[in-house]
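Here the sequence shown stands for residues 0 to 152, where the numbers follow numbering that gives the first Met the number 0.
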Amino acid sequence: MTPSIKNIDIVDVEFGENVTVVKPVNLYGCRIGDGTFVGPFVEIQRNAVVGKNCKIQSHAFICELVEIGDNCVVSHGVMFINDLFKTGKPAFRDKTLWKATKIGSNVLFGSNSTILPVTIVDGVVIGAGSVVTKNLLIKGIYAGNPAKLLRKL
């Protein structure tokens, strides 16, 4: 049997000025702001927005319904999630079950952190390997699973 093979690469992306992209990547139907760097092996899905002067490092995954502010760093292997499996299984065909994520500006995500659908205010630092399960509404440093405030900034 022959598999169905699809090459996404870069399709229908709205790029700002002076954006740098290092291939291979999968970028489709998203918006990427001025001066942003996107490293290799990154996927940014449709209806995702990345602000100005951001750095999206290798192996990051930014799914639909994620909006990232300006001057953010998404380190290696950071994963954003929009499906909480509320029905006990993936909501592949029912996008009404997906939830949005809103990230402020000047947010730093440590390597291999996982971000569930939340709101994060400006100026937050998230430690490597952290799992963000709740809104982060105080500017500070967060780490752990689940991520907790270590200290205010």
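Each residue gets a CB set at the ideal place from its N, CA and C atoms; glycine is no exception.
Below 8 Å, how does it come out for the segment 80-93 and the segment 122-136: are there three or more Cβ pairs, yes or no?
The answer is no - the segment 122-136 does not touch the segment 80-93, with fewer than three Cβ pairs under 8 Å.
Between I61 and chain D, is any beta-carbon pair separated by less than 8 Å?
Protein chains in the displayed structure number just one, and chain D is not present.
Quick one: is D11 buried, meaning 16 or more other Cβ sit within 10 Å of its Cβ, or exposed?
D11 is classed as exposed because its beta carbon has fewer than 16 other beta carbons within 10 Å across all chains shown.
Less than 8 Å between the CB atoms is what I'm expecting for V106 and G68, so what's the real figure, rounded?
Yes, they are in contact, since the Cβ atoms of V106 and G68 sit about 7 Å apart, within 8 Å.
Taking all protein chains shown into account, do 16 or more other C-beta atoms lie within 10 angstroms of the C-beta of V37, making it buried, or fewer, making it exposed?
Result: buried.
Thinking C-beta only, is L148 closer than 8 Å to P116?
Contact flag unset, no.
Does the separation of the CB atoms of V24 and I9 fall below 8 Å?
In terms of Cβ geometry, V24 and I9 form a close pair [threshold 8 Å].
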